[in-house]
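Numbering (our numbering), first residue to last: -11 to 211.
Notes follow once the structure below has been shown.
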């Protein structure tokens, strides 16, 4: 998923961003309400994580403005204010869930994924299957024909994206944006290197190839 964090506490924002990225998500960060509002308006996000107390524009005003403009992405509100009235205010402003500080990251992640499932049950899947290739997203394990395959974190993210788009042509631009979080082409062979490494692990030891190069277009994972 693509997630926007609007949080002025840089240490807290970095903590959340690191955890979400390790869980396979693409994460953007805004440090104040005005910046968060502009980013929420101009890009599509699956989830917004919004701190209630923000400089320049408070979190509830950000949410209310986005809702008034027709943006319906689920919002998780973070706040040190935990009284019932405070939670009710947050939900009435357009928030979908409310998490009181301090919190455990595991709970934040669970709430983010629950919001995604509520919006689209297919958004958060725990197992991916293409032919005899299987990926367990919770255990972070990959196997083919029952044989476990060990992948580096970036290889895992690359394969996860390819499996979620199995049968489709995936372009270099898509991979740069969704796997490497680049919004420009760095003019390196980083994709080619990782595709080659991935192919050597999921295809070379087996009879049938799953990962195919589509000349002039990109790559396709298909049984």
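Glycine residues also receive a C-beta, built at the ideal position from the N, C-alpha and C atoms.
Quantities reported herein were computed from a predicted structural model and do not represent experimental measurements.
Beta-carbon spacing of residue i, residue j below 8 Å
i: residue 63; j: residue 24; result: no
i: residue 91; j: residue 65; result: no
i: residue -8; j: residue 21; result: no
i: residue 12; j: residue 148; result: yes
i: residue 186; j: residue 146; result: yes
i: residue 210; j: residue 131; result: no
i: residue 99; j: residue 67; result: no
i: residue 81; j: residue 57; result: no
i: residue 208; j: residue 182; result: no
i: residue 69; j: residue 84; result: no
i: residue 36; j: residue 61; result: yes
i: residue 163; j: residue 173; result: no
Option nearest residue i by Cα separation, candidates the options
i: residue 34; options: 15, 22, 44; result: 15
i: residue 205; options: 139, 158, 188, 11; result: 158
i: residue 134; options: 142, 144, 143, 123; result: 123
i: residue 198; options: 160, 179, 151; result: 151
i: residue 175; options: 187, 186, 161; result: 161
i: residue 136; options: 194, 59, 100, 172; result: 194
i: residue 97; options: 54, 38, 208, 4; result: 4
i: residue -10; options: 166, 121, 44; result: 166
i: residue 42; options: 192, 71, -5, 189; result: -5
i: residue 189; options: 140, 156, 73, 44; result: 140
i: residue 180; options: 107, 201, 18, 119; result: 201
i: residue 59; options: -3, 169, 31, 95; result: 31
i: residue 10; options: 120, 169, 173, -3; result: 169
i: residue 115; options: 106, 107, 129; result: 129
Exposure of residue i, with buried meaning 16 or more beta-carbon neighbours within 10 Å
i: residue 184; result: exposed
i: residue 47; result: buried
i: residue 144; result: buried
i: residue 127; result: exposed
i: residue 26; result: exposed
i: residue 196; result: exposed
i: residue 38; result: buried
i: residue 18; result: buried
i: residue 1; result: buried
i: residue 76; result: exposed
CB contact check: residue i to chain C, cutoff 8 Å
i: residue 148; result: Judged by its chain identifiers, the structure shown contains no chain C, having just a single protein chain.
Three-state secondary structure (DSSP) of residue i
i: residue 74; result: helix
i: residue 18; result: strand
i: residue 200; result: strand
i: residue 117; result: strand
i: residue 48; result: helix
i: residue 179; result: helix
i: residue -9; result: strand
i: residue 172; result: coil
i: residue 58; result: coil
i: residue 144; result: helix
i: residue 184; result: helix
i: residue 93; result: helix
i: residue 101; result: helix
i: residue 12; result: coil
i: residue 150; result: helix
Per DSSP, the bridge partner or partners of residue i
i: residue 131; result: 122, 136
i: residue 64; result: 37, 85
i: residue 24; result: Per DSSP, none; premise fails for residue 24.
i: residue 207; result: 158, 201
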